[in-house]
Amino acid sequence: MKWARPWLKGEKVGPRPKTSRDVVKPGDVVAVEREPDTSVATGALYALRQIPAINGALVAMDPHTGRVLAMSGGYDYKASQFNRVVQAMRQPGSAFKPFVYLAALDDGYTPSTLILDAPFVIDQGPGMPKWRPANYTRKFYGPSTMRLGLEKSRNLMTVRLAETIGMDRVVAYAEKFGIVDSMPKRLAMALGAGETSLLRLTTAYAMLVNGGRRISPTLIDRIQDRHGKTVFRHDTRVCNQCRAAFWTNQPVPRIADNRPRVTDPASAYQIVSMLQGVIKRGTGRIIRAVGKPLAGKTGTTNKSVDAWFIGFSPDLALGVYTGFDEPRSLGRHEQGASVAAPIFRDFMIAALKGKPAIPFRIPPGIRLVRVNATTGRLAQAGDRRVILEAFKPGTVPTGEQRVLRGETALSGEAPGTGTGGLY
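Following this note's numbering, the numbering of the sequence shown begins with -16 at its first residue and continues without gaps.
Right, dumping it as structure tokens:
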């Protein structure tokens, strides 16, 4: 029962209990659960349990077909039939950022493009306070690569990038990936201030790992009438050579994939590679315990109200959302990395158990080049931090790089407002 620490002022947990008397007393009625691998016959061990006030949701799908493989809409269906996978509309926070970076990659930027991480202020007009987004650490890091901006979830870099490529472009990507139907063209939206559902966001991530093909989530593959005639089929692709009569001594037929592309496959892979870095070096490091190739992104909103982790293996997309049904803080300093990511990790450990460590598929044209992880330049002898970076043809940096600084001028010390706390 060491986890049963007191909840202080709805913001943080208190000290760990030293004895059972710190948690329960004679006469208390408590929930317990028998520990795995113990039995009554050999002396069962029981652990203290509770019904959580927090809720959440999880959805897993095949990223290539959209087939939903698992869905949990909350802690207890008997207590609440509200399906948080499809019905809860919440801000995704930084879990939206990959689509800002994807829009830039499709516009000619590279993972090594340098963006200035420095104060950023928007004058919202007469009588309105200035908007001052901030990094989670409240620090500034100077020129940094786009990859580093996503791995470390830097707000200032994301806003500066969105301003440069234009919110029209960011909104277009949010809508064509199905994340939102109508997004205001405001820079705060680049930090995940627009509301979406877990199913929508997980489906959007699935389209990154499948190479940019549009998919629709489905719970039903096919419907037949009482005579065995198919009246509905989710997969509408045509295969003229799939009848048994054509199979004799023939290779397996290839079915043309006519689904529309929502992004360049090379750009999609670059984002997948950058999201792998989130787990290897960034905010999702806790996921490394799975021991398989994975990619994903944390998301946390203002005052830690909502926490997310959305990610995937090459053949399984998974989204996790956590939060209270009546929005309030999960606690001081709680984040997607500390609340949602452990659920993602534990699910993936079970789902991928016994399966081979399959690498992410690299599309034609992508070139993997050794670069300095800090500067994004080609690696030199003596560089201490070197990574493989994914580049499209003709985009490998060969000299001094221009730093994207944005056009918004800084102002004085007027109070700021807005979504500076979306991480």
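In this text, a Cβ means the ideal position worked out from N, Cα and C, and glycines have one as well.
Three or more Cβ pairs closer than 8 Å define a contact, and the segment 1 to 15 falls short of that threshold against the segment 284 to 302. 9 Å or more divides the Cβ of V379 from the Cβ of R344. L181 sits close to V42, with the two beta carbons spaced by under 9 Å.
Cβ-Cβ distances below 6 Å link I206 to V214, F215 in the same chain, with the five nearest sequence neighbours on each side left out; the list follows chain order. Taking a cut-off of 8 Å for Cβ pairs, the segment 52 to 69 and the segment 261 to 271 do not touch, as fewer than three such pairs fall below it.
Counting only residues of its own chain and dropping the five nearest sequence neighbours on each side, A362 has a CB closer than 7 Å to the CB of R353, V354, N355, V369.
Sequence-distant Cβ neighbours of I198 in its own chain, meaning closer than 8 Å and more than five residues away, are P46, H47, T48, G49, T186, A189, M190, R242.
In the structure shown, P81 falls within a helical segment according to DSSP collapsed to helix, strand and coil. Between the segment 74 to 83 and the segment 136 to 143 there are three or more inter-stretch CB-CB distances shorter than 8 Å, so the stretches are counted as touching.
In its chain, beyond the 5 residues on either side, L133, Y188, L191, I254, M257, L258, K280 have a beta carbon closer than 8 Å to the beta carbon of P81.
In the DSSP annotation of this structure, the continuous segment of the beta strand (DSSP E) that includes E16 starts and ends at 14 to 17. Looking at the backbone, the Cα of Y252 and that of G302 are separated by about 19 Å. As a beta-bridge residue in DSSP terms, Y29 pairs with R17. Separation of R183 and I293 (C-alpha to C-alpha, rounded to the nearest whole angstrom) is 11 Å.
Contact between V142 and M172 does not hold, since their C-beta atoms are separated by about 10 Å, which reaches or exceeds 8 Å. In the DSSP assignment, Y304 forms a beta bridge with A40, W291. By the Cβ-count criterion, S22 is exposed, with fewer than 16 other Cβ atoms from all chains shown falling within 10 Å of its own Cβ.
In this structure, P248 sits away from P339, with a CB-CB distance that is not shorter than 9 Å. The beta-carbon distance between S55 and G359, rounded to whole angstroms, is 40 Å. This is too long to meet the 8 Å contact definition. A Cβ-Cβ contact shorter than 9 Å links M150 with R169. If you draw a straight line from the Cα of R244 to the Cα of P342, it is about 22 Å long. DSSP, read as helix, strand or coil, puts R388 in coil. A14 and G265 have their C-alpha atoms some 37 Å from each other. Going by C-alpha positions, Y29 is about 17 Å away from D5.
In terms of CA proximity to G39, D59 leads the group Q33, R32, D59, D20. Assignment of V(-4) by DSSP, reduced to helix, strand and coil, places it in the strand class. Looking only at L97, D90, P35, V7, the smallest Cα-Cα distance to G382 is reached by L97. Minimum Cα-Cα distance from E16 among the listed residues G177, M331, P109, L31 corresponds to L31.
According to the DSSP assignment, N355 belongs to no alpha helix (DSSP H) but to the beta strand (DSSP E) extending over 350 to 355. Taking C-beta separations shorter than 8 Å and ignoring five residues to either side along the sequence, the partners of L277 in its chain run Q259, I262, I270, G294, F295, S296, M331, following chain order. No residue range can be given for L361, since it is assigned to no beta strand (DSSP E) and is classified by DSSP as neither H nor E. Relative to the Cα of G267, the nearest Cα in the group D218, R220, R315, P325 belongs to P325. Burial is judged here by how many other beta carbons sit within 10 angstroms of a residue's own beta carbon; G57 has at least 16 and is buried. DSSP places M150 in the uninterrupted alpha helix (DSSP H) bounded by 150 to 159. Note that the C-beta distance between V322 and L313 is below 9 Å.
Looking at the DSSP output, A278 bridges to F295.
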